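Some notes on the structure that comes next.
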Amino acid sequence: MTNELTVQPLHFQPSFEVIPDDEAQTSKELVEAMHAILETTFQDTGHAIRSVHAKAHGLLHGHIQVYGELPEPLAQGAFATPGNLPVVMRFSTNPGDILDDKVSTP
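Residue numbers (this note's numbering): 7 to 112.
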């Protein structure tokens with residue numbers, strides 16, 4: 007494993023987060039949009055489903071191995087200490103609608 011990175015990540019610092027003045031309004035509008043999508047899909051299907059990534063294709067349960075020789079900029083947070091981390095991953099599609107498997111999405 008090479009320790010050279012073409013792009014140097016930044017070490018996280020709380021000062022990086024800048025909360026816009028309109029964040030509360032943006033959050034409210036996002037909740038309203040997600041609720042509208044949920045209502046539409048319920049009307050279309052008769053079932054309450056997630057607003058996005060509605061169709062699950064599978065779940066994986068496993069571990070991620072964190073190597074000890076990670077480049078220093080990457081060895082932070084959960085990746086700061088070598089070892090194995092438990093993971094559960096859900097594979098799904100982007101749309102909020104449950105589409106036929108013949109329909110291709112990005």
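The C-beta atom is built at its ideal place from N, Cα and C for all residues, glycine as well.
Since the model is a prediction, treat every value here as computed from it, not as a measurement.
How is the alpha helix (DSSP H) around residue i delimited, first residue to last?
i, result
"F48", "29-51"
The beta strand (DSSP E) spanning residue i covers which residue range?
i, result
"P92", "89-98"
Could you round the C-beta distance between residue i and residue j to whole angstroms and report it? I think they count as a contact, below 8 angstroms.
i, j, result
"P92", "H69", "6 angstroms"
"N100", "Q71", "Contact flag wrong, Cβ pair sits at about 29 angstroms."
Look at the alpha carbon of residue i and the alpha carbon of residue j, and state the distance between them as a whole number of angstroms.
i, j, result
"L16", "S33", "27 angstroms"
"E23", "G83", "16 angstroms"
"K108", "D27", "44 angstroms"
"M40", "P77", "39 angstroms"
"E45", "H59", "15 angstroms"
"D106", "K61", "10 angstroms"
"Q19", "H53", "42 angstroms"
"E35", "I43", "12 angstroms"
"S110", "Y73", "36 angstroms"
With DSSP collapsed to three states, give me the class of residue i.
i, result
"G74", "coil"
By alpha-carbon positions, which one of the options ends up nearest to residue i?
i, options, result
"Q14", "R96, L80, F22, V37", "L80"
"I104", "E23, E29, D50, E10", "D50"
"V94", "A84, D107, L66", "L66"
"S98", "A30, F85, R56", "R56"
"G64", "S21, R96, E29", "R96"
"E10", "T111, E75, F85, A86", "E75"
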